[in-house]
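A.B. asks: Residue numbers (my numbering): 3 to 128. Note that beta-carbon positions come from the ideal geometry of N, C-alpha and C, so glycine has one too. Predicted model only: the values in this text are computed from it and were never measured.
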């Protein structure tokens, strides 16, 4: 059976700066909250835009039904169909661009925070 003596060496542990660690975690949380706000705002914008687009589609469909003439040939409606398709593509691109912008902003936040974390951890370890 081994016993410890009073002369046993205590390993030298590095000093630990608890305040710096808490500041680091606080900054991480602030970054997550900022990213959450960006995504929430994006979701809200997309929902509003989709609602507006749906209202436009219904208004256009109603106009087509009121102005529908059985005597017109289907090729007479080709221009209207072509315009509707072009608008749908443009609207989809607009929503995609909004998503890419929000995603880019969030990634940028996280990259900046990760870089700052590396620098702060180096200081903690020094």
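Around the Cβ of residue 104, are there at least 16 other Cβ atoms within 10 angstroms (buried) or fewer (exposed)?
C.D. replies: Buried is the call here.
A.B. asks: Roughly how many whole angstroms lie between the Cα atoms of residue 121 and residue 107?
C.D. replies: Taking the straight line joining both Cα atoms gives about 21 Å.
A.B. asks: Is there contact between the region 109 to 116 and the region 31 to 45, where contact requires at least three CB pairs shorter than 8 Å?
C.D. replies: Touching, yes.
A.B. asks: The alpha helix (DSSP H) that contains residue 19, what's its start and end?
C.D. replies: Segment: none, residue 19 is in no alpha helix (DSSP H) and carries neither H nor E.
A.B. asks: Under three-state DSSP, which class holds residue 70?
C.D. replies: Residue 70 falls in the coil class under three-state DSSP.
A.B. asks: Note down the Cα distance separating residue 76 from residue 64, rounded to an integer number of angstroms.
C.D. replies: If I take the Cα positions, the gap works out to 18 Å.
A.B. asks: Cα-Cα, which of 54, 21 and 25 is closest to residue 97?
C.D. replies: Of 54, 21 and 25, the residue nearest in Cα terms is 54.
A.B. asks: If distances are taken between C-alpha atoms only, which option among 100, 32 and 118 comes closest to residue 46?
C.D. replies: Ranking 100, 32 and 118 by Cα distance to residue 46 puts 100 first.
A.B. asks: Please tell me whether residue 22 and residue 126 are closer than 8 Å, where the distance is taken between their beta carbons.
C.D. replies: Yes.
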